[in-house]
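Enquirer: First the structure, then my questions, so here it is.
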Amino acid sequence: RAVILEVGQPLVDEATVFDVYEGKQVGEGKKNLAFALRYRSAERTLTDTEVTEAHTRIVAEVSTRLGAALRS
23 RAVILEVGQP LVDEATVFDV YEGKQVGEGK KNLAFALRYR SAERTLTDTE
73 VTEAHTRIVA EVSTRLGAAL RS
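This is the structure in structure tokens:
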């Protein structure tokens, strides 16, 4: 959560865990975390491109720093 909020600034307003799963499908000693992200600006409406770019940066940095993988 901290990495998401740090890397997502200034566009990510909130990051909330809404699901945690540990089981055979994700592997021994691993867990699946699902986050709801709220992107927002107090000054203007965000574009799809801005949000997509921020999301891509977040996924890359969480992967690099924490060894996480995005599951579809």
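In my numbering, the protein residues as written are 23 to 94.
Where is the CB? At the ideal position from N, CA and C, for every residue including glycine.
Quick check: the Cα distance between Q47 and E65, rounded to an integer number of angstroms?
Expert: Counting from one through the sequence shown, the residue named residue 47 turns up at place 25. Counting from one through the sequence shown, the residue named residue 65 turns up at place 43. Rounded to whole angstroms, Q47 to E65 spans 43 angstroms at the Cα level.
Enquirer: Span of the beta strand (DSSP E) holding E36?
Expert: Start at 1 with the first residue of the sequence shown, and residue 36 comes out as number 14. Unbroken beta strand (DSSP E) run through E36: 34–43.
Enquirer: Taking the CB atoms as reference points, tell me whether L59 and A82 lie closer together than 7 angstroms.
Expert: The residue you call residue 59 lines up with position 37 of the sequence shown. The residue you call residue 82 lines up with position 60 of the sequence shown. It is not a contact, given that the beta carbons lie outside the stated cut-off.
Enquirer: In its own chain, which residues sit with a C-beta less than 8 angstroms from the C-beta of V34, not counting the 5 before and 5 after it?
Expert: In the sequence shown, counting from the first residue as 1, residue 34 sits at position 12. Closer than 8 angstroms at the Cβ level, and outside the excluded window around V34, lie I26, L27, L59, R60, Y61, A76, I80.
Enquirer: Span of the alpha helix (DSSP H) holding L88?
Expert: Here residue 88 is taken as the residue at index 66 of the sequence shown, counted from 1. Per DSSP, the unbroken alpha helix (DSSP H) holding L88 starts and ends at 70–88.
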